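Residue numbering for the sequence shown follows my numbering, beginning at 314 and increasing consecutively. Notes follow the structure.
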Amino acid sequence: MWSTAREIAPGDVVIIWLTRDVIQPLLITPGKDFNSKFGHYRHADLVGIPYGSKVGSRKGKGFIHVLRPTPELWTMALPHRTQILYLADIAFITSHLNIKRGSRVIEAGTGSGSFSHSVARTIGTAGHLWSYEFHEVRASKAREEFARHGMDDIVTLTHRNVCKDGFTITDTVDSVFLDLPAPWEAVEHAKQALRKDRTTRICCFSPCMEQVLRTVNALNDAGFTDITMYETLLRPLDVAQVPMLQPISEISEKLKQAERKREDKRLKQIAANRRNASKRKREEDGPGADTPVETEDEASSKRIKTDDEDSTGLDPESTKAMDLDVDALPASTSASASAFSAPEPTLSPAQSISPAKISVSKPFTPPAEPEVLTEVVTPEPQAPVDGVVGV
Ligand code: SAH
314 MWSTAREIAP GDVVIIWLTR DVIQPLLITP GKDFNSKFGH YRHADLVGIP
364 YGSKVGSRKG KGFIHVLRPT PELWTMALPH RTQILYLADI AFITSHLNIK
414 RGSRVIEAGT GSGSFSHSVA RTIGTAGHLW SYEFHEVRAS KAREEFARHG
464 MDDIVTLTHR NVCKDGFTIT DTVDSVFLDL PAPWEAVEHA KQALRKDRTT
514 RICCFSPCME QVLRTVNALN DAGFTDITMY ETLLRPLDVA QVPMLQPISE
564 ISEKLKQAER KREDKRLKQI AANRRNASKR KREEDGPGAD TPVETEDEAS
614 SKRIKTDDED STGLDPESTK AMDLDVDALP ASTSASASAF SAPEPTLSPA
664 QSISPAKISV SKPFTPPAEP EVLTEVVTPE PQAPVDGVVG V
């Protein structure tokens, strides 16, 4: 459908990816410039570079990505002449209509060609798409695009009012897709176009329930069976917004370290208080008093004992000093300590249990539109239409 060469050549259609929301097609025409708020680029400078390249602007401030078109990218980048189908609907409809390589398909109307590009890729040159559009300007724009994208062999576009004049083929296609304001008016024509030697399908795409009801009636009247209605919803979750979750073991280890640090500090304070107390006592007793000076080792052996036996061995002064000092510990230390006794608050239930609570970005699809999908089982070629039965 599009260039399969590794490098970009003059005349290629490329997709310029500026941001997630600003994606646009570009026909490479040496001599022309591409200007955007992300800088200025010469088409000629893009010739010869590999598809997928990140290209810096001429002034070196901005950059763009130059991508190879796909139907998915085309849907995101195409010039809108109408409402279009997006990926969720396209994939769902393609699947339910059983469109595959070699399928023969009808679509009406062509609109902006979003669905057409995807179908063309799926059916390939072994299949064929008959596309109908009654708006002349849209029809000719779409025809130009199909030609530029090398889809001429796969798509036949006809400027026609299918509700009034029907389709140009009979007993030919495997499936029909109607994206029209009044699809019920084209149901009988669609039946004529569907092949009669095997099971075939039709999908009518409508945003309003009133349209769906009228279509269902028309499908019933025309003898279609297995009529179903679906609503497709796409709910993208923005993984970039999800905070990295720390494993519980890491969090627990950090809390333990904080607790150890706090305990060390507390023990040091107790030792210092003891030293001060004995120093004061020596001073009070006067020179020559027979009070042994406590060494660091002695203090530490005592402090372990003191710690284990509650702090009743300390004199009231030193207890007071210790209490004050503990209160003066940095806020972060006490916060870690309280978190240690109840680690859960560091991970909210939403983070730890269900990804469904993760913030959800705006859905990419336009408002959901109900669809009617049905399958028609047609009788043997000569059988009367009344003989149509369900599977
Ligand atoms: N599916 C298309 C969008 C189709 S919009 C896409 O994905 O791009 C609907 C189109 O149907 C419009 O372009 C409108 O001009 C065309 N249309 C409406 N009534 C029609 C009719 N009776 N015959 C042919 N085309 C019709």
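Think of the CB as a built atom: it goes at the ideal place given N, C-alpha and C, for glycine as much as any other residue. Quick caveat, the model's predicted, so the values are computed rather than measured.
Simplified DSSP assignment, three categories, for residue i
i	result
L398	coil
L642	For L642, the predicted model reports a pLDDT of 38, less than 50, meaning its position is unreliable; a value from the coordinates is still stated below. Looking at L642 - three-state DSSP - the assignment turns out to be coil, as it is neither helix nor strand.
H462	coil
S388	Here the sequence assigns Thr to residue 388, which means Ser is not the residue at that position. In the structure shown, T388 sits in a helix (DSSP, three-state: H, G or I).
F537	coil
K367	strand
T485	coil
C516	strand
L550	strand
A585	helix
L580	helix
L507	strand
T383	coil
I412	coil
M522	helix
H430	helix
Residue i classed as buried or exposed, judged by whether at least 16 other C-beta atoms fall within 10 angstroms
i	result
L558	exposed
E523	exposed
V326	buried
C521	exposed
H430	buried
D402	buried
K372	exposed
G422	buried
V525	buried
I561	exposed
R456	buried
V486	buried
S488	buried
N586	buried
K345	exposed
D466	exposed
G415	exposed
T513	buried
T528	buried
Cβ-heavy atom distance, residue i to the ligand SAH, below 7 Å
i	result
T435	no
P560	no
F447	yes
A390	no
V475	yes
S427	yes
I397	yes
D492	yes
G479	no
R527	no
G536	no
R456	no
A531	no
T469	no
R319	no
A404	no
T423	yes
R451	yes
Counterpart residues of residue i in DSSP-defined beta bridges
i	result
E320	P363
W315	According to DSSP, which records beta bridges pairwise, W315 is partnered with nothing at all.
A421	Y445, L491
V468	L442
I781	Not covered by the structure: residue 781. The range shown for the chain is 314 to 704.
Residue i Cβ short of 7 Å to the ligand ZN heavy atom set
i	result
R461	Looking at this structure, you won't find the ligand ZN anywhere; what it does contain is the ligand SAH.
Where in the stretch 324-363 do unbroken runs of the alpha helix (DSSP H), each at least 4 residues long, occur, reported from the N-terminal end onward? 356-359
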